[in-house]
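Novice: I have a structure here, written as C-alpha cells, and I will follow up with some questions on it.
Here's what the structure looks like:
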C-alpha cells in the first residue's frame, strides 16, 4: 500500500501524541482519516440517490430501502451478520428490514482493532504507558487509513463504532420526525424501523430519509446499556445461514455476467519465479479453448467454461525458472536449524531474572520442536472477475484488504490505484489465504489482454495448493530447569520465516522491525517463572510465507505450552494446578480454574487415558483448553475437549460457540495430519487427500464457555487454534508416556 507510512513499533512508544478516544469512544468526526475530503470521511455520500441520506459510513437510507454497510470482509466467520446487527441493535431494526452491502475501499473504514496488537505491551497491561502506546497506534492507523480484516479484530474494531453509528442514525431520524410533526424529539421513540409518536402514529424510517437529509446529523448519541439489548448478547440466527443452507448465497465463485469468458492458469510452482517458455499445441485444439495467453509467471487459458480452461491448462507444457529457495524439504529444515545465530537474531522479547544462572540450578531439560509449512485450503478456491478498459479496471473478488487489491491490480496493468473499482464478495473461507494476491495480479494481467471483455478466473484446486503462500515453517529450541518441585528457569528460542513482514512487503510497505508475530506465544507467557528469556530468529531464503489462522501463535503456542508441560512433569506437579498457581494474571487464573471445573479435573485418569491442558493468549484473547484422549489398539481416540475463552463481552453467543469449536477442530486437524513439503521447488501436496484435516468420525464433543472478565472487548476467530495442538500432545503424553514434539503428529502415532 503505497500510501501507508512505514511501520515502526518504537514510534508508538516514543515521541507520539496520544489520541483521546478515537471512533470507538467519541464523536464520529473526531477520529476521521487524515484526508479531509467528504468522500474519505463518508464514502456513501458519493452514491446517494435522490432523497436518500447517510449519517456515517455505515448507514444509508433511501425512500425505498435501508442499507447497512459491513465494514469487514466475511470469510465465513459471520461478520457479515454481526456487523449489521450491531447497527440494528441501536437503530431499532429487525432482521429482514435492511439490506447488507460490503464496504468499498476507503480510509473511513480504518481498523481501530489493530491498535492493541501494534502497541508493544501485553494484552492485560492497563498501565498509562500501555494506554498511551495504544492511543498512538490508533493515531497511526487513522492517518494510514488501514482497511483490513484479520487478526480477530472485527469485533474489537466495530463493537463501539457500529453501535454508535446506529444510535446516531436513530437520534437523527427522531430529530427529522420531530421537525415534521412538531413533537419534541424527547417524546418520540423508535421501534422496528419506525419513529413512534406519542399518539401511536408510526413513521417509517424510509419515509423520513428526505427530511433527515436536510438536517445535520446529531453528534452525540447515548449507547444503550447491554441490559436493554434486544438482539446482541442473546442466541441469534446468523443472517446468512438460511441462504447458505439453501444454496441461495452467491459467493465470488458464483458470480456471472453477460459476455463473460472463463480463464484458468498454470503458474510456476517455484513460487515467485517467471516462466521461461511454453508449448500450447496440445491445449490449443481442446474443446472450448479460445485463447492461450502468456502472463508473467505462467500461462492462462481462455475458454467457454472453467472446466475446459482447467483441462487445457494442464496440457500446456511449460519450462519454468527454478526456485530461489531450496528445492528439497530437507534443506528447508537445515536452513531453519542453522538460523539460531546472532546473524539472524530478530529480537530478545523478554529477559527476566538471570537465565544463565537459573539454568544451572536443579535439573536441566532441553527439547526441540518443529512446525511445518501448512496450507490455507479454504473450500472456495481463489477466483475473481475483472474487466479492463482504457479508463481503468473493475474487479470482483473476495479479499481482506480492499486498498491493497487496488494497488496490486493497478501495478500489474500500469494504471493508478484510483482507476481500479473494487467490489468485495462473500468468501468461502480464507484462514489468511485472501490476505494475499496470487489471483488479483494474475486476473489483472489476463483481463488487460482481453480488454473490454469480463474475464472470470478460477484456480483449480491443485493450482490453489501449488500457489498458496503457506504458514511459516518454524523450529523451537527450549531449555529449562526445575528444582524442589518448582520451575526455576525457561529459555525459549524460536526460528521461523517472518509471515507478517513478508505480507507487508508484498503490500508495498516493507518493515525493518522484527516481526511481532514471531514473538507471540513466547513473550506473552503469564507464568511466574523467575528466570525467563524469549528470543526469535528470522529465517532467510525459504519459501514465501504469510499469515495463517493465529499466525505466530499457531506454532509458538505449541512449542511453549508443550515445554511448560515437560517442565511441570519433571517437577512432579499437576499440569493444571501448576499452571493455575504460576499464573500471574487474576482473570487468566480464573480462566484456567474454569476449564478445570468444566472438565472436573481431578488428576491422572486410568490406564490408557489421558488429559492435557494448554493456555495461550493470541490477539489479546486468552484461551484455555483441555483435551481428553484414549489409547486404543488402533491408535489415539480424541474423546472430548473443554474450552474456556475470555473475550470481555460475548456479543453473539451462538456464533461465539461455533467459532471456538471450529477453531479447535482446525487446530487439532492440522496438528494431527497436515504439512506441506517441497520437492524440486514445488509443493508436493496438491489436494485435500494429501493435506487431510480432521474427519467427522474423529471429531470429539467440544464444550465451550465464554467469560466476560477482560477489561475490553476481544475477538475469537483465531485464538482457539493455538492451545489445541499442545493440549492434544500433552494428553497423548498423559495416556502413553510418549512426547510428541513435531507436527503433524501422525508421523509418530495413529489416530482413530
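Residue numbers (this note's numbering): 1 to 752. Every residue, glycine too, gets a C-beta built ideally from N, C-alpha and C.
#1: In whole angstroms, what separates the C-alpha of residue 639 from that of residue 617?
#2: Just tell me which of 729, 741, 637 and 744 has its CA closest to the CA of residue 700.
#3: Residue 368 to residue 335, Cα distance in whole Å?
#4: Going by DSSP, which residues form a beta bridge with residue 385?
#5: Between residue 750 and residue 631, what straight-line distance do the alpha-carbon atoms span, to the nearest angstrom?
#6: Return the CA-CA distance between residue 60 and residue 193, expressed in angstroms with no decimal places.
#7: Using only the alpha-carbon positions, how far apart do residue 399 and residue 73 sit?
#8: What does the alpha-carbon distance come out to for the pair residue 110 and residue 146?
#9: Given a cut-off of 8 Å, decide if residue 266 and residue 313 are closer than it, judged by their beta-carbon atoms.
#10: Check whether the segment 416-424 and the segment 533-542 touch, using three or more Cβ-Cβ pairs below 8 Å as the test.
#11: So, is residue 126 buried or exposed, given that buried needs 16 or more other C-beta atoms within 10 angstroms?
#12: Would you call the CB atoms of residue 115 and residue 141 closer than 8 Å?
#13: Which ranges does the alpha helix (DSSP H) cover as unbroken runs of at least 4 residues, wholly within the segment 96-143, from first to last along the chain?
#14: Please state if the CB of residue 660 and the CB of residue 683 are separated by a distance shorter than 8 Å.
#15: Distance, Cα to Cα, residue 734 vs residue 443?
#16: Using 8 Å as the Cβ pair cut-off and three pairs as the minimum, do the segment 584-594 and the segment 676-690 touch?
#17: In angstroms with no decimal places, state the Cα-to-Cα distance between residue 520 and residue 552.
#18: Skipping 5 residues on each side, what residues in its chain have a beta carbon closer than 7 Å to that of residue 284?
#19: Give every residue of the same chain whose Cβ lies closer than 7 Å to the Cβ of residue 152, excluding the five residues on either side of it in the sequence, and list them in chain order.
#20: Identify, in the order they occur along the chain, each residue of the same chain with its Cβ nearer than 6 Å to the Cβ of residue 300, setting aside the five sequence neighbours on each side.
#21: Would you kindly check if the distance between the Cβ of residue 626 and the Cβ of residue 647 is under 8 Å?
#22: By Cβ distance below 6 Å, which residues in the same chain neighbour residue 609 in space, the five residues on each side in sequence not counted?
#23: Compare the C-alpha of residue 707 against each of 302, 746, 216 and 233 and name the closest.
#24: Let me know if residue 248 comes out buried or exposed under the rule of 16 or more other beta-carbons within 10 Å of its beta-carbon.
#25: Name the one or two DSSP bridge partners that residue 267 has.
#26: Taking the alpha carbon of residue 509 as the reference point, which residue from 79, 303 and 144 has its own alpha carbon closest?
#27: Taking 6 Å as the limit between beta carbons, can you name the residues of its chain near residue 464, skipping five residues before and five after?
#28: Enumerated in chain order, which unbroken segments of the beta strand (DSSP E) with a length of 3 residues or greater are wholly contained in the segment 479-561?
#29: Check the Cβ-Cβ distances between residue 454 and every residue of chain D, and say whether any is below 8 Å.
#30: Does DSSP put residue 252 in a helix, a strand or coil?
#31: Taking all protein chains shown into account, decide if residue 738 is buried (16 or more other Cβ within 10 angstroms of its Cβ) or exposed.
#32: Could you please give me the residues that DSSP links to residue 54 through a beta bridge?
Specialist: In terms of the structure at hand:
#1: As a first step, residue 639 must be located in the chain shown, where it is residue number 639. As a first step, residue 617 must be located in the chain shown, where it is residue number 617. Computed Cα separation, rounded: 24 Å.
#2: As a position in the chain shown, residue 700 is number 700, starting the count at 1. Selected option, being the one with the closest Cα: 637.
#3: For the purposes of this step, residue 368 is taken as the residue at position 368 of the chain shown. For the purposes of this step, residue 335 is taken as the residue at position 335 of the chain shown. The alpha-carbon atoms of residue 368 and residue 335 are separated by roughly 15 Å.
#4: Walking along the chain shown from the start, residue 385 turns up at place 385. In DSSP, residue 385 forms a bridge with 396 and 456.
#5: Here residue 750 refers to the residue found at position 750 when the chain shown is read from its first residue. Here residue 631 refers to the residue found at position 631 when the chain shown is read from its first residue. CA-CA distance, residue 750 to residue 631, rounds to 10 Å.
#6: Position 60 of the chain shown, counted from the start, is the residue given in the question as residue 60. Position 193 of the chain shown, counted from the start, is the residue given in the question as residue 193. Between residue 60 and residue 193, the C-alpha separation is close to 13 Å.
#7: Here residue 399 is taken as the residue at index 399 of the chain shown, counted from 1. Here residue 73 is taken as the residue at index 73 of the chain shown, counted from 1. If you draw a straight line from the Cα of residue 399 to the Cα of residue 73, it is about 7 Å long.
#8: Counted from its first residue, the chain shown places residue 110 at position 110. Counted from its first residue, the chain shown places residue 146 at position 146. For residue 110 and residue 146, the distance between alpha carbons rounds to 5 Å.
#9: As a position in the chain shown, residue 313 is number 313, starting the count at 1. As a position in the chain shown, residue 266 is number 266, starting the count at 1. The Cβ atoms of residue 313 and residue 266 sit closer than 8 Å to each other.
#10: Segments in contact, no.
#11: Taking the first residue of the chain shown as position 1, residue 126 is located at position 126. Residue 126 should be labelled exposed.
#12: As a first step, residue 115 must be located in the chain shown, where it is residue number 115. As a first step, residue 141 must be located in the chain shown, where it is residue number 141. With a cutoff of 8 Å on beta-carbon distance, residue 115 and residue 141 are scored as near each other.
#13: Whole alpha helix (DSSP H) segments, 4+ residues: 115-118.
#14: Residue numbering aside, residue 683 sits at position 683 when the chain shown is read from its first letter. Residue numbering aside, residue 660 sits at position 660 when the chain shown is read from its first letter. By the CB criterion at 8 Å, residue 683 and residue 660 fall outside the cutoff.
#15: Translated into the one-based positions of the chain shown, residue 734 becomes position 734. Translated into the one-based positions of the chain shown, residue 443 becomes position 443. Going from the Cα of residue 734 to the Cα of residue 443 covers about 51 Å.
#16: Contact between the segment 584-594 and the segment 676-690 is absent, because fewer than three Cβ pairs lie under 8 Å.
#17: Reading the chain shown from its first residue, position 520 is the one you call residue 520. Reading the chain shown from its first residue, position 552 is the one you call residue 552. Straight-line Cα distance between these residues: approximately 6 Å.
#18: Looking up residue 284 in the chain shown gives position 284. For residue 284, where only same-chain residues beyond five positions count, the Cβ hits under 7 Å are 292.
#19: Looking up residue 152 in the chain shown gives position 152. In its chain, beyond the 5 residues on either side, 619, 621, 715, 716, 717, 718 and 719 have a beta carbon closer than 7 Å to the beta carbon of residue 152.
#20: One-based indexing of the chain shown puts residue 300 at position 300. Contacts found: 263, 265, 293 and 446.
#21: Along the chain shown, read from residue 1 onward, the residue named residue 647 stands at position 647. Along the chain shown, read from residue 1 onward, the residue named residue 626 stands at position 626. Result no, Cβ atoms of residue 647 and residue 626 do not sit closer than 8 Å.
#22: On the chain shown, position 609 is the one that residue 609 refers to. Taken in chain order, the residues that qualify are 630 and 735.
#23: As a working mapping, residue 707 is identified with position 707 in the chain shown. Of 302, 746, 216 and 233, the residue nearest in Cα terms is 233.
#24: By 1-based counting over the chain shown, the position of residue 248 is 248. Exposed.
#25: The residue given as residue 267 occupies position 267 in the chain shown. DSSP, once it has assigned bridges, lists 298 as partnering residue 267.
#26: Within the chain shown, the letter at position 509 stands for residue 509. Distance from the Cα of residue 509 is smallest, within the candidate group 79, 303 and 144, for 144.
#27: The count along the chain shown starts at 1 and reaches residue 464 at position 464. Annotation for residue 464: 381 and 382 place their beta carbon closer than 6 Å to its own, counting only its chain and skipping 5 residues before and after.
#28: Complete beta strand (DSSP E) runs here, min 3: 486-496 and 531-538.
#29: No chain D appears in this structure, which consists of one protein chain only.
#30: The residue labelled residue 252 in the question sits at position 252 within the chain shown. In the three-state reduction of the DSSP assignment, residue 252 falls in the helix class, which pools H, G and I.
#31: Mapped onto the chain shown, residue 738 falls at position 738. By the beta-carbon neighbour count (other beta carbons within 10 angstroms, threshold 16), residue 738 is exposed.
#32: Along the chain shown, read from residue 1 onward, the residue named residue 54 stands at position 54. In DSSP, residue 54 forms a bridge with 60.
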